[in-house]
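Report on the structure given below.
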Amino acid sequence: LKESFGTKGRFVFDLRRLLLTEELFPPAGGAFLEVERSYGRIQVSLSLVLLQLDPFLNELTSMFEKSKEKGSVWVTLKRSSLKSKVQKRKLSSVGESIEYRCLIRATDGKKTVSTSVGAKDHQRFQASYATILKAHMTALKKRERKDRKKSTEAEKKEGSSTTKSKKL
Amino acid sequence: MVYIASWDEFVDRSVQLFRADPESTRYVMKYRHCDGKLVLKVTDNKECLKFKTDQAQEAKKMEKLNNIFFTLMARGPDVDLSEVTGKEQMETQPVKKGRGRKQ
Numbered sequence: 018l019k020e021s022f023g024t025k026g027r028f029v030f031d032l033r034r035l036l037l038t039e040e041l042f043p044p045a046g047g048a049f050l051e052v053e054r055s056y057g058r059i060q061v062s063l064s065l066v067l068l069q070l071d072p073f074l075n076e077l078t079s080m081f082e083k084s085k086e087k088g089s090v091w092v093t094l095k096r097s098s099l100k101s102k103v104q105k106r107k108l109s110s111v112g113e114s115i116e117y118r119c120l121i122r123a124t125d126g127k128k129t130v131s132t133s134v135g136a137k138d139h140q141r142f143q144a145s146y147a148t149i150l151k152a153h154m155t156a157l158k159k160r161e162r163k164d165r166k167k168s169t170e171a172e173k174k175e176g177s178s179t180t181k182s183k184k185l
Numbered sequence: 062m063v064y065i066a067s068w069d070e071f072v073d074r075s076v077q078l079f080r081a082d083p084e085s086t087r088y089v090m091k092y093r094h095c096d097g098k099l100v101l102k103v104t105d106n107k108e109c110l111k112f113k114t115d116q117a118q119e120a121k122k123m124e125k126l127n128n129i130f131f132t133l134m135a136r137g138p139d140v141d142l143s144e145v146t147g148k149e150q151m152e153t154q155p156v157k158k159g160r161g162r163k164q
């Protein structure tokens with residue numbers, strides 16, 4: 018870091034390349050690098066908030082609630098070991114296996130939160146995650162048989178039963 | 062864009078894509094409540110598969126796909142997926158009933 022200090026532009030670019038390799042998602046996902054220079058100190062902060070499982074789930078819930086009138090919620094799943102190339106090389110040279118986790122990101126376009134889930138906790142997480150999705154994805158259409166699309170009012174009044182057909 | 066019409070085809074190709082390149086394949090879900098639309102995307106940055114729906118029924122199917130991806134990503138691409146359903150059975154097995162002699 019100290020060496021690159023002099024060259025402002027290059028520093029940002031190199032560090033960005035280093036951090037935005039396979040480990041993290043592309044910038045569109047919401048992670049970006051902020052480099053501030055003030056009075057000879059470089060402050061680097063990565064806008065990627067890595068949370069524990071439960072706070073993450075709470076944030077995800079609030080994102081869904083906030084986006085009811087307008088907006089989208091994006092959730093991205095990716096496998097990652099959260100280690101840099103250098104660390105990976107070291108681990109494999111020592112003969113240790115690299116532990117992989119599932120990286121989960123959620124964003125509402127403005128804020129991004131993330132969490133990482135390992136083999137041990139992924140089942141508990143997927144249950145809670147499924148519950149949140151089910152509770153909030155209520156705007157989707159339920160399946161109804163519209164065989165008689167051009168039905169008149171009279172037919173409807175006869176009490177046409179709408180049976181939900183499940184495709185298996 | 063590359064929207065796939067059949068759910069099963071989407072699932073099969075997505076899993077295939079992931080197994081071929083687990084390092085760079087990601088699974089993205091976008092939900093818009095105001096439009097009532099759900100879009101799924103799986104890409105390895107070379108190929109892109111997408112699925113779009115507005116049906117609640119497909120959201121249920123997506124849950125299964127979520128489970129599949131969680132398992133693949135957390136445990137590894139070589140995981141046998143029959144475990145995803147078989148796992149639930151395995152979990153119930155260890156619950157051994159105590160011997161009937163309760164005194």
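Protein chains in written order, with our numbering: chain V, 18 to 185; chain W, 62 to 164. Glycine included, C-beta positions come from ideal geometry on N, C-alpha and C.
- Y92 of chain W sits buried, since 16 or more C-beta atoms from the chains shown fall within 10 Å of its C-beta.
- Taking C-alpha positions only, V90 of chain V is separated from R80 of chain W by approximately 27 Å.
- A contact between stretches requires three or more CB pairs, one per stretch, nearer than 8 Å, and the segment 111-131 of chain V meets this requirement with the segment 86-100 of chain V.
- A direct Cα-Cα distance of roughly 24 Å separates K113 of chain W from S145 of chain V.
- The beta carbon of R141 of chain V does not come within 8 Å of any beta carbon belonging to chain W, so the residue lies off that interface.
- A Cβ of chain V is located within less than 8 Å of the beta carbon of K91 of chain W.
- Interface with chain V (8 Å Cβ-Cβ cutoff): D141 of chain W is excluded.
- The C-alpha of S84 of chain V is placed about 28 Å away from the C-alpha of S75 of chain W.
- Neighbours of A152 of chain V across chain W, judged by C-beta separation under 9 Å, do not exist; the nearest C-beta is about 11 Å away.
- Scanning W:C109, W:K98, W:V63 and W:K125 for the CA closest to the CA of Q116 of chain W turns up W:K98.
- Near chain W, meaning a CB-to-CB distance below 8 Å, the residues of the segment 121-135 of chain V are V134 and G135.
- Between V72 of chain W and L142 of chain W, the C-beta spacing is not below 8 Å.
- Taken in chain order, the whole alpha helix (DSSP H) runs of length 4 or more contained in the segment 83-154 of chain W are 117-136 and 143-153.
- Following the DSSP letters along the chain, one finds V130 of chain V in no alpha helix (DSSP H) but inside the beta strand (DSSP E) bounded by residues T129 to V134.
- Beta-bridge analysis with DSSP links I121 of chain V to V:L94 and V:T132.
- The beta-carbon distance between D82 of chain W and D105 of chain W, rounded to whole angstroms, is 5 Å. This is short enough to meet the 8 Å contact definition.
- Taking every protein chain shown into account, the CB of Q104 of chain V has fewer than 16 other CB atoms within 10 angstroms, so this residue is exposed.
- Cα atoms of L120 of chain V and L133 of chain W: separation of roughly 12 Å, rounded to the nearest angstrom.
- Taken through DSSP and simplified to helix, strand or coil, V63 of chain W comes out as coil.
- Listed as beta-bridge partners of L68 of chain V by DSSP are V:T132.
- For E86 of chain V, the chain W residues whose C-beta falls within less than 9 Å of its own C-beta are H94 and C95, listed in chain order.
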